[in-house]
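**Q**
There are 2 protein chains.
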Amino acid sequence: MPSPSSEKTKLVDVAKRAGCSPATVSRVLNNNPKVGRNERERVLKAAAELGYVPNGSARALRSTRSRLVGTIIPTLDHAIYAIMVSGLQARLAEGGVSLIMNTSSYDLNMEYEQARLLVERGVETVVLVGSEHKSETIELLQRDRIGYVFTYTCHATGDAAAIGFDNKKAGVTAANYLHSLGHRTFGMIAGITNGNDRARERRDGFLAGLASLGIGKESIGVVEARYDLGSGKQAMQALLQLYPDLTAVFCGSDIIAAGALKYCQSRGIRVPEDLSIIGFDNLEIATLTSPELTTLEVPAREMGTLAGEYALTGPEERHLMRERELDVRLIVRSSSGAAKSV
Amino acid sequence: MPSPSSEKTKLVDVAKRAGCSPATVSRVLNNNPKVGRNERERVLKAAAELGYVPNGSARALRSTRSRLVGTIIPTLDHAIYAIMVSGLQARLAEGGVSLIMNTSSYDLNMEYEQARLLVERGVETVVLVGSEHKSETIELLQRDRIGYVFTYTCHATGDAAAIGFDNKKAGVTAANYLHSLGHRTFGMIAGITNGNDRARERRDGFLAGLASLGIGKESIGVVEARYDLGSGKQAMQALLQLYPDLTAVFCGSDIIAAGALKYCQSRGIRVPEDLSIIGFDNLEIATLTSPELTTLEVPAREMGTLAGEYALTGPEERHLMRERELDVRLIVRSSSGAAKSV
DNA sequence: CGGATTTAAGAAAACGTTTTCTCAAGCATA
DNA sequence: TATGCTTGAGAAAACGTTTTCTTAAATCCG
Chain A
161 MPSPSSEKTK
171 LVDVAKRAGC
181 SPATVSRVLN
191 NNPKVGRNER
201 ERVLKAAAEL
211 GYVPNGSARA
221 LRSTRSRLVG
231 TIIPTLDHAI
241 YAIMVSGLQA
251 RLAEGGVSLI
261 MNTSSYDLNM
271 EYEQARLLVE
281 RGVETVVLVG
291 SEHKSETIEL
301 LQRDRIGYVF
311 TYTCHATGDA
321 AAIGFDNKKA
331 GVTAANYLHS
341 LGHRTFGMIA
351 GITNGNDRAR
361 ERRDGFLAGL
371 ASLGIGKESI
381 GVVEARYDLG
391 SGKQAMQALL
401 QLYPDLTAVF
411 CGSDIIAAGA
421 LKYCQSRGIR
431 VPEDLSIIGF
441 DNLEIATLTS
451 PELTTLEVPA
461 REMGTLAGEY
471 ALTGPEERHL
481 MRERELDVRL
491 IVRSSSGAAK
501 SV
Chain B
161 MPSPSSEKTK
171 LVDVAKRAGC
181 SPATVSRVLN
191 NNPKVGRNER
201 ERVLKAAAEL
211 GYVPNGSARA
221 LRSTRSRLVG
231 TIIPTLDHAI
241 YAIMVSGLQA
251 RLAEGGVSLI
261 MNTSSYDLNM
271 EYEQARLLVE
281 RGVETVVLVG
291 SEHKSETIEL
301 LQRDRIGYVF
311 TYTCHATGDA
321 AAIGFDNKKA
331 GVTAANYLHS
341 LGHRTFGMIA
351 GITNGNDRAR
361 ERRDGFLAGL
371 ASLGIGKESI
381 GVVEARYDLG
391 SGKQAMQALL
401 QLYPDLTAVF
411 CGSDIIAAGA
421 LKYCQSRGIR
431 VPEDLSIIGF
441 DNLEIATLTS
451 PELTTLEVPA
461 REMGTLAGEY
471 ALTGPEERHL
481 MRERELDVRL
491 IVRSSSGAAK
501 SV
């Protein structure tokens, strides 16, 4: 039965009931070893009886440890970020740390505003997506000595740690794979590259990979699309209109690939017989389409878990985790196949 | 250029630079009207020059307004919750409020733990999913006079507001629809109903709807499945093994329906010719399968937005938004059709 | 057994704001 | 001109913890 008083019980109340000083209560609650067995038990008993819940603001104010971590992702509507956040939150919760979540809608100015809010809330670490950010954002974090991690990229810069994968390398992998199937004219539906280094690097990697295989620019068509089904469809239409001969398309995301696939189906273009399509991310939806999507697997949950791990690690040992490159595996399914022999 | 000093700038620093008292700075920063034009401008200028960011903990401690809202959802891996949170976060951000996000893995004990953490962080409102919770959880919130809202349900109970829809009614809608197509033997793949009132009510609504149409229990098979593709597949297999004659299946989620559909395809069962399948949620994936899924549309984002609205509304006016029932629309696509004439 | 060292616990200061209280100045009214 | 009222601004208390500084008691060692 909770306390009869209608006032919120605070640390002094616990102290009174346990018959000791507030300092002792504080020490017990923070597992400070310098306190005797009996005192400790009395305090714990009193706290439980009163249903005491510490005041996080007061604690944070005095100790400068807020037990708060912030993240700013582009959107929660795209499963690839939701899954990362899922991993992040789960790991943080294990450590008793809470996660403040914000979205930027792929807008770096908005990201800056959200970062300001996070700093104001006193977060100890900020988890960001990608390595491209406003300089103001980075300065803000540096100035307050807040740790920050980039994800979905593995290039640590300045104070930033990076936990992710090599987007460029992944683009090269896609190029090599499609080329190995005999394709010689290619299309790519990239994500919007403005303000998005991941989308840009995937595209550049794909182009570089093809270049080093001797494929010239004239055999490659590139368009950009937002990350949703409709945009994928439209982009596919536009791409085929501009480059009717291409036989293989690399999409910057499974969502885009699914949209592209839908467009093909609506036009009677057979996949993979007429056209190979591969995606990126390996979301659950990749196995829902028919044919199922060949794609590159992004370790989204693992990035989140590791970012959480990073945030839980003390500032002294963090440098050991400064840069972590995870693998991007090629998952071959049935949306890709050998090029038509002409 | 940020302050040359390496110490974090605080309110007194701004006061010094503006040549006024801390109280005045505080008033300006909180838009207190009782401060003259020139003072106000001087303060704002000083704050900007110093790159001042207020300390949220101190502010929260003194004013008892944390500008923090918490939510506990079952998981972020299921898009239906991710989308709700997306709407919630977006609305809160507009009001300058931050969101702390936690997951419970459909476990009410875990939910309680997370709630404790939220109380400790000083959140002003908690957004929960469904109306079934541990009594300890509710008591905890009531005791600290923290506002709380249930979502995905429209039954307000006690202090709780509810913003959602009528799961039972939705189940009835499904029953009526399938019956109207001529089906007379039914299956349902419900979500796990233990600790999940939404899943339970959908099932009960479906059964009640069929009952009032004169369909007896012997013509209805029910199994439960977790919310993922594989479970949907398995459940479909189990269902057909137990009840080989059924011609229509209502699934508790589009994910489950997609899995069920996949199973049918693997077994050469034609949908909708041999079997009608309908889902729940109307996620993006419902249009990715072939055939596309008939489903019931859950207003996930709107629930989030409205819950955010509720949280931003002062305690005095909240009672006006105590219960809000949103519509669940039936979206007919091609996974459902007339029953086979025998 | 006495002095030095360790240990456990309390008193009080501190964290960075907001808010209450107080006061001075300006203004209108009589 | 004196009185009362309004307005703008400062001084200081307060929010609920943690932490530093002290001190009293307990332990050790020669």
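As given, the protein sequences belong to chains A and B, one line each in that order.
Each residue of the first sequence is one higher than the one before, counting from 161 in our numbering.
Each residue of the second sequence is one higher than the one before, counting from 161 in our numbering.
Even for Gly, the Cβ is constructed at its ideal location relative to N, Cα and C.
(1) Kindly indicate if chain B contains any beta-carbon less than 7 Å away from that of Ala220 of chain A.
(2) Where does Thr317 of chain B sit, in a helix, a strand or coil, going by DSSP?
(3) Using a C-beta cutoff of 7 Å, does Ser494 of chain B count as contacting chain A?
(4) First and last residue of the alpha helix (DSSP H) that includes Thr333 of chain A?
(5) Sort out for me which residues DSSP pairs Ile232 of chain B with in a bridge.
(6) Classify Lys328 of chain A: buried if its beta carbon has 16 or more other beta carbons within 10 angstroms, exposed otherwise.
(7) Among A:Val458, A:Arg202, A:Ser379 and A:Glu476, which residue has its Cα nearest to the Cα of Ile243 of chain A?
(8) Out of B:Gly381, B:Gly369 and B:Asp357, state which residue places its alpha-carbon closest to the alpha-carbon of Phe346 of chain B.
(9) So, helix, strand or coil for Arg363 of chain A, using DSSP?
(10) Are the region 275-290 of chain B and the region 491-499 of chain B in contact at 8 Å, needing three or more beta carbon pairs?
(11) Using a C-beta to C-beta distance shorter than 8 Å, which residues of chain B count as neighbours of Val279 of chain A?
(12) Taking Cβ to Cβ, would you say Asp441 of chain B is nearer than 7 Å to Ile232 of chain B?
(13) For the region 189-216 of chain B, list every residue whose C-beta sits within 8 Å of some C-beta in chain A, in sequence order.
(14) Step through the CB atoms of chain B and report whether any lies within less than 7 Å of the CB of Leu564 of chain A.
(15) Going along chain B in order, which residues have a C-beta closer than 8 Å to the C-beta of Asp304 of chain A?
(16) If contacts are defined as beta-carbon pairs under 8 Å, then Thr455 of chain B and Asp414 of chain B qualify, I think. What distance do you get, rounded to the angstrom?
(17) Taking only runs that begin and end inside the region 377-437 of chain B, name each unbroken beta strand (DSSP E) of 3 or more residues, in chain order.
(18) Mapping DSSP to helix, strand and coil, what is Arg493 of chain A?
(19) Mind checking whether Leu252 of chain A and Val245 of chain B have CB atoms under 7 Å apart?
(20) Does the pairing of the region 358-369 of chain B with the region 297-308 of chain B give three or more beta-carbon distances under 8 Å?
(21) Please classify Gly468 of chain A as buried or exposed, where buried requires at least 16 neighbouring CB atoms within 10 angstroms.
(22) So, is the C-beta of Ala499 of chain A closer than 7 Å to a C-beta in chain B?
(23) Look at the alpha carbon of Glu378 of chain A and the alpha carbon of Tyr403 of chain A, and state the distance between them as a whole number of angstroms.
(24) For Val229 of chain A versus Thr285 of chain A, is the C-beta distance shorter than 7 Å?
(25) Taking a Cβ distance cut-off of 8 Å, strictly less, list which residues of the region 436-452 of chain A are near chain B, in chain order.
(26) Which same chain residues, not among the five before or five after His315 of chain A, have their C-beta less than 6 Å away from its C-beta?
(27) Considering Cα atoms alone, identify which of A:Ser436, A:Leu373 and A:Leu341 is closest to Met348 of chain A.
(28) Between the region 258-273 of chain A and chain B, which residues of the former have CB atoms less than 7 Å from a CB of the latter, in chain order?
(29) Three or more C-beta pairs under 8 Å: does that hold for the region 210-218 of chain B against the region 167-174 of chain B?
(30) Counting only beta-carbon separations shorter than 7 Å, does Asp237 of chain B have a partner in chain A?
(31) Skipping 5 residues on each side, what residues in its chain have a beta carbon closer than 8 Å to that of Gly331 of chain B?
(32) Return the chain-ordered list of same chain residues with a C-beta closer than 6 Å to the C-beta of Lys393 of chain A, the five sequence neighbours on each side being excluded.
**A** Put simply:
(1) Yes, because at least one Cβ of chain B sits closer than 7 Å to the Cβ of Ala220 of chain A.
(2) coil
(3) no
(4) Asn327 to Ser340
(5) B:Asn262 and B:Leu288
(6) With a threshold of 16 other beta carbon atoms within 10 Å, Lys328 of chain A meets it and is buried.
(7) A:Val458
(8) B:Gly381
(9) helix
(10) no
(11) In chain order: Val213.
(12) no
(13) Correct list: Gly211, Val213, Pro214, Asn215 and Gly216.
(14) The first residue shown for chain A is 161 and the last is 502, placing residue 564 of chain A beyond what the model contains.
(15) Lys168 and Val213
(16) At roughly 6 Å, the Cβ-Cβ gap stays under 8 Å, so Thr455 of chain B and Asp414 of chain B are in contact.
(17) 380-385 and 408-411
(18) coil
(19) Not a contact, by the Cβ cut-off of 7 Å.
(20) no
(21) Burial state of Gly468 of chain A is buried, judged by a 10 Å Cβ sphere holding 16 or more other Cβ atoms.
(22) For Ala499 of chain A, no CB of chain B lies under 7 Å from its own CB, so it is not counted at the interface with that chain.
(23) 10 Å
(24) yes
(25) Glu444, Ile445, Thr447, Leu448, Thr449 and Ser450
(26) Ser291 and Ala322
(27) Looking from the CA of Met348 of chain A, the closest CA among A:Ser436, A:Leu373 and A:Leu341 belongs to A:Ser436.
(28) Taking 7 Å as the Cβ-Cβ cut-off against chain B, the residues of the region 258-273 of chain A that qualify are Ser258, Leu259, Ile260, Met261, Asn262 and Thr263.
(29) yes
(30) yes
(31) Excluding sequence neighbours, Gly331 of chain B sits near Glu361, Arg362, Arg363, Asp364, Gly365, Phe366, Leu367, Ala368, Gly369 and Phe410.
(32) Closer than 6 Å at the Cβ level, and outside the excluded window around Lys393 of chain A, lie Gly419, Lys422 and Tyr423.
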